[in-house]
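Student: If you scroll down you'll find the structure; I have some questions about it.
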Amino acid sequence: MRRWLDDDVIAQGRLPLLCFLLGFIVGFLLIRLSVRLIRKQVRWWPGNLRSGGVHIHHMVFGVILVLASGIGMVTLYQSADTATASALAAAFGVGAALVLDEFALIYYLRDVYWEEQGRTSVDAVFVALAVTGLLLLGFHPLWMLDINDFRSDPDIEVRVFVVAFAVVNLGLAAIVIAKGKIWTGLFGMFFLPLLVVGALRLSRPGAPWARWRYGERRRLMYRAIVRERRYRRPVIRAKIFVQDLVAGKPDVEHVRTAAEAELSRTVVPAPPAPHRHHLSLFSHDHEPDPEPATPEP
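Okay, so the sequence shown: first residue is 1 according to UniProt numbering, each after it adds one.
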């Protein structure tokens, strides 16, 4: 562990990134512990903060921490030593955890912390942890692409290859995301074969790609729905169990019921894309009526 810390983290300049990850994890665990104690109305634990009758969400303190530490990092970018940069990164991680823990509030513009939609916050936290972990392990987006090759090598062939490689990666990522495979697209930016597999496989039935390509191809849509329900069921059950474990008390029966409800809600065929003829009719129907000509005097 010590050798990994010295050789792969400190020597590679990733100590601030590690401190960010640790600050993020600690901040998330502490705020989840706090809100559970508040929900159970534990006497010795301070309750919600209020100002003038208005409940102050912990996201507010997260925004303040992110701004303060972010400004500090930008200001001291050239002169800060490793210890200062790591401390600011840890503070930034704590602030980011406080903000993402209430990401659902930002997304839905209402307090859904303990509701079904509140799981969106847990999803956002998992995404942040996954991306940070990959960066800490030395992976970076666009896989083998090294931007230093583009800057240092004057050879036109190398520059063309770097640009073409980046365009192919981004194009495949766009196709995968259009097929509704967000996690595959995310991790595929760090590992190209995942993007290739995701781009070749069937789209999820409710994704934009299915709407554009499967609207009049019923066999493909049927295969996509059957495949989605078969492979997504255990994944959704595991996801809901982990979300319940983080957000509240997990229950096996609730996991099964919630998984089937989510499958029924999400695994549906996308509506077919409107035909060009219909679009032209729609545009003509909504054109403003010409104003009557006024007779000249």
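All C-beta atoms in this analysis are idealised placements derived from N, C-alpha and C, irrespective of residue type, glycine included.
Since the model is a prediction, treat every value here as computed from it, not as a measurement.
At what residues does the alpha helix (DSSP H) containing Arg211 begin and finish?
Tutor: As a first step, residue 211 is located in the sequence shown; it is residue number 211 there, counting from the start. Where Arg211 is concerned, the enclosing alpha helix (DSSP H) stretches over Pro208 to Arg213.
Student: Out of Val268, Pro269, Val246 and Val242, state which residue places its alpha-carbon closest to the alpha-carbon of Arg256.
Tutor: If you number the sequence shown from 1, residue 256 lands on position 256. The shortest Cα separation from Arg256 among Val268, Pro269, Val246 and Val242 belongs to Val242.
Student: Report the rounded CA-to-CA distance for Phe28 versus Gly180, giving the unit in angstroms.
Tutor: For this step, residue 28 is matched to residue 28 along the sequence shown. For this step, residue 180 is matched to residue 180 along the sequence shown. If I take the Cα positions, the gap works out to 28 angstroms.
Student: Per DSSP, what are the beta-bridge partners of His55 in this structure?
Tutor: Taking the first residue of the sequence shown as position 1, residue 55 is located at position 55. According to DSSP, His55 bridges with Arg50.
Student: Of all the options Val268, Arg230, Asp244 and Glu115, which has the alpha carbon lying nearest to the alpha carbon of Gly215?
Tutor: Numbered from its first residue, the sequence shown carries residue 215 at position 215. Looking at the Cα atoms, Val268 is the closest of the given residues.
Student: Could you say which of Leu220, Ser51 and Phe20 lies nearest to Gly70 if we only look at CA atoms?
Tutor: The residue given as residue 70 occupies position 70 in the sequence shown. Comparing Cα positions, the closest option is Phe20.
Student: Between the beta-carbon of Asn169 and the beta-carbon of Leu192, is there less than 8 angstroms?
Tutor: The residue given as residue 169 occupies position 169 in the sequence shown. The residue given as residue 192 occupies position 192 in the sequence shown. Closer than 8 angstroms, so yes.
Student: Report yes if the C-beta distance between Gly95 and Val66 is below 8 angstroms; otherwise report no.
Tutor: Position 95 of the sequence shown, counted from the first residue, corresponds to residue 95. Position 66 of the sequence shown, counted from the first residue, corresponds to residue 66. Yes, Cβ-Cβ distance for Gly95 and Val66 is below 8 angstroms.
Student: Which ranges does the alpha helix (DSSP H) cover as unbroken runs of at least 4 residues, wholly within the segment 70-151, from first to last along the chain?
Tutor: As far as the segment 70-151 is concerned, its whole alpha helix (DSSP H) runs of at least 4 residues are 82-100, 103-108 and 119-136.
Student: Measuring straight from C-alpha to C-alpha, what distance separates Ser34 and Gly138?
Tutor: Taking the first residue of the sequence shown as position 1, residue 34 is located at position 34. Taking the first residue of the sequence shown as position 1, residue 138 is located at position 138. Using only the alpha carbons, I get a separation of about 33 angstroms.
Student: Does DSSP put Ser264 in a helix, a strand or coil?
Tutor: Here residue 264 is taken as the residue at index 264 of the sequence shown, counted from 1. Three-state DSSP puts Ser264 in a helix.
Student: For Gln41, which three-state DSSP category applies?
Tutor: For the purposes of this step, residue 41 is taken as the residue at position 41 of the sequence shown. It is coil, neither helix nor strand.
Student: Whole-angstrom Cβ separation of Ala224 and Pro205, contact assumed at under 8 angstroms?
Tutor: Here residue 224 refers to the residue found at position 224 of the sequence shown. Here residue 205 refers to the residue found at position 205 of the sequence shown. With a Cβ gap of about 4 angstroms, Ala224 and Pro205 count as contacting.
Student: By a C-beta neighbour count over all protein chains shown, 10 Å radius and 16 as the cutoff for buried, is Lys239 buried or exposed?
Tutor: Your numbering for residue 239 matches position 239 in the sequence shown. Lys239 is buried by the Cβ-count criterion.
Student: Provide the residue span of the alpha helix (DSSP H) that contains Ile156, from first to last.
Tutor: Within the sequence shown, residue 156 is the residue found at index 156, counting from 1. Ile156 to Ala178 is the span of the alpha helix (DSSP H), which, as asked, contains Ile156.
Student: Could you name the residues of the same chain whose beta carbon sits closer than 6 angstroms to that of Gly23, not counting the 5 residues immediately before and after it, in chain order?
Tutor: Within the sequence shown, numbered from 1, the residue matching residue 23 stands at position 23. The residues are Ala90, Gly93 and Val94.
Student: Would Val163 and Ala199 be called neighbours here (beta carbons separated by less than 8 angstroms)?
Tutor: Here residue 163 is taken as the residue at index 163 of the sequence shown, counted from 1. Here residue 199 is taken as the residue at index 199 of the sequence shown, counted from 1. Contact flag unset, no.
Student: Roughly how many whole angstroms lie between the Cα atoms of Val246 and Pro141?
Tutor: Taking the first residue of the sequence shown as position 1, residue 246 is located at position 246. Taking the first residue of the sequence shown as position 1, residue 141 is located at position 141. Approximately 29 angstroms, taken between the alpha carbons.
Student: Just to confirm the assignment, what range does the alpha helix (DSSP H) spanning Gly185 have?
Tutor: The sequence position of residue 185 within the sequence shown is 185, counting from 1. From DSSP, the alpha helix (DSSP H) with Gly185 extends over Ile182 to Gly188.
Student: Does the Cβ of Leu172 have 16 or more other Cβ atoms within 10 Å, making it buried, or fewer, making it exposed?
Tutor: The sequence position of residue 172 within the sequence shown is 172, counting from 1. Under this definition Leu172 is a buried residue.
Student: Suppose contacts are defined by Cβ-Cβ distances below 8 angstroms. Is Gly47 in contact with Ile38 by that definition?
Tutor: The residue labelled residue 47 in the question sits at position 47 within the sequence shown. The residue labelled residue 38 in the question sits at position 38 within the sequence shown. Cβ atoms of Gly47 and Ile38: closer than 8 angstroms.
Student: What residues in its chain sit with their C-beta under 7 angstroms from that of Leu5, if we drop five residues either side in the sequence?
Tutor: Here the question's residue 5 lines up with position 5 in the sequence shown. The answer is none, since no qualifying residue turns up.
Student: Roughly how many angstroms lie between the CA atoms of Phe61 and Ala261, to the nearest whole one?
Tutor: On the sequence shown, residue 61 is found 61 positions in, with the first residue counted as 1. On the sequence shown, residue 261 is found 261 positions in, with the first residue counted as 1. Roughly 35 angstroms between the two C-alpha positions.
Student: Less than 8 angstroms between the beta carbons of Leu15 and Ser121, yes or no?
Tutor: Along the sequence shown, one-based indexing puts residue 15 at 15. Along the sequence shown, one-based indexing puts residue 121 at 121. Not a contact, by the Cβ cut-off of 8 angstroms.
Student: Can you tell me whether Val226 is buried or exposed, with buried defined as 16 or more other CB within 10 angstroms of its CB?
Tutor: Locating residue 226 in the sequence shown gives position 226, counting from the first residue. Classification of Val226: exposed, given that the 10 Å Cβ count is below 16.
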